Amino acid sequence: MSTITVSGQPAASTRQVPGFISRCWNALQERRKREKVRAALYGLNGSDLQDIGIAYGDIEYVALHPDIDPRGI
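Residue numbering for the sequence shown is 827 to 899, as defined by the numbering used here.
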């Protein structure tokens, strides 16, 4: 149900809803990607992590900053 103003045009808030839903959906998808990265990294043993240049303590940072090369930390 949309709100109609006196001029017959939809209220501005109803036009913003699709944008809000889209941003929420994108945020959820990003969170899921981070969770997959985090789970995959926690599934590796210490020597495997060392082979790819990540310390166990860096997993959270790497999961939260996927665009940064962990070898430069």
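Note that beta-carbon positions come from the ideal geometry of N, C-alpha and C, so glycine has one too. Since this is a predicted model, take the numbers as computed values, not measurements.
Query	Result
For Leu-890, report the span of its alpha helix (DSSP H) as first-last.	885-890
How about Ala-889 and Arg-860: do their beta carbons lie closer than 7 angstroms?	yes
Can you list, in chain order, the residues of its chain with a C-beta nearer than 6 angstroms to that of Val-863? Leave out the 5 residues immediately preceding and following it.	Ala-889
Taking only three categories from DSSP, how would you classify Ile-847?	helix
What first and last residue would you give for the alpha helix (DSSP H) that runs through Leu-870?	Segment: none, Leu-870 is in no alpha helix (DSSP H) and carries neither H nor E.
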